[in-house]
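For reference, the structure discussed in these notes is given below.
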Amino acid sequence: MSGALWAVLAGVGFGLFQTVNRRAVRGMDVFVATFIQLAVSAVILVGASLATEPVTVVWTAPAMALINFGLAGLFHFVIGWTLLNASQKRIGAARTSPLIGTTPLFGTAFAVLALREVPSPLTILGILTIVGGIYLISTDAPERNGAGSSQTASDWTGVTFGLGAAMVWAISPIFIRFGLSGLPSPLLGVTVSMVVSAAAYGIALWARRRPWAGLIESREVLVIKLLAGVLVGFSVWARWIALALAPVGVVLALALMSVPVVMLLSPLVVGRHLERVTSRLWAGASLTVSGAVVLVLIR
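Sequential numbering of the sequence shown, starting at 1434, is according to this note's numbering.
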């Protein structure tokens, strides 16, 4: 199977994950939800690595490579996934999905600030298109969001969480690049990142010393969250296979397929009373995705 097809599979899988995850995170503490997500994904990636990679090279890899993969996991999985779950809990999957697709915007901004790159007219067009999309999404207020009767769909805290996830996902590739220079195996690298992240998150939850009984609404919610963890674990695996077979720009562009998947399925899976997808939201998502594709493909 080609790299592009693996990228499509990863994008659709991540969209399915976000849709299913929305049902789970409504009835679950955000931090517990993120830990389950990390733990299930870690198990899947460890299994994939054992089946397809010479895992013994991890023990002889340079310490700095492992540290960089750990830092990548801190930004992408520990912080990024926590913000993703928090955003979904507040404003829903349909509004969070296009917001987390703005990672290329932050990547471009970091390049301008750190490398003093002068943005081209096409880059500026992509940035303005994304900003316009964010405005439409963040000001879309159908009636009431399922996060609670006191919060509207234009909850700026939820919007900030979604954009925050996109921002930290733009930072993690810096550490991934340094990590791969010492351990040139993308799958082993992401497995190290995931295992370190799951372990760190588990220790942090243990330090909280709060019983899980009151943090998970029901057994059904737990089962749904486990399914979401399986979906995101396989999506991460598929994404890394795609990155090994296809240009990065192609993979990042096709990853945005998750946005229409979420917007089409979330009202059906979660309920239209909780996930109200309006024409304004579709317009905002279209602008955001279009601008992101422009920024991805011109770099």
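Glycine included, C-beta positions come from ideal geometry on N, C-alpha and C.
Please read these numbers as outputs of a predicted model, since none were measured by experiment.
When the beta-carbon positions are compared, Thr1535 and Leu1517 stay at least 9 Å from each other.
Annotation for Gly1436: Ala1675, Leu1678 and Ala1679 place their beta carbon closer than 6 Å to its own, counting only its chain and skipping 5 residues before and after.
In the structure shown, Met1461 falls within a strand segment according to DSSP collapsed to helix, strand and coil. Distances from the alpha-carbon of Ile1477 to those of Glu1708, Val1665 and Ala1686 put Val1665 closest. For Glu1486, the CB contacts under 7 Å within the same chain, skipping 5 residues up- and downstream, are Ser1618, Leu1620 and Leu1621 in chain order. Leaving aside the five residues that flank Val1445 on each side, the residues in its chain whose CB is nearer than 8 Å to its CB run, in chain order, Met1690, Ser1691 and Val1694. For Ala1527, the enclosing alpha helix (DSSP H) starts and ends at Ala1526 to Ile1533. Of the candidates Ile1649, Phe1468, Gln1451 and Val1458, Phe1468 places its Cα closest to the Cα of Met1627. By the neighbour-count criterion, in which 16 or more other beta carbons inside 10 Å mark a residue as buried, Thr1624 falls on the buried side. When the Cα atoms are used, Ala1631 and Lys1658 turn out to be separated by approximately 15 Å. In this structure Pro1531 does not touch Leu1685 by the C-beta definition: roughly 15 Å separates them, more than the 8 Å allowed.
Asp1588 is a Cβ neighbour of Ile1524, given a cutoff of 9 Å. According to DSSP, residue pairing for Ile1649 in a beta bridge involves Met1461. In summary, Ala1481 is buried, with 16 or more beta-carbon neighbours lying within 10 Å of its beta-carbon over all protein chains present.
The beta carbon of Pro1552 is closer than 8 Å to those of Thr1541, Val1545 and Ile1560 in its chain, skipping five residues each way along the sequence.
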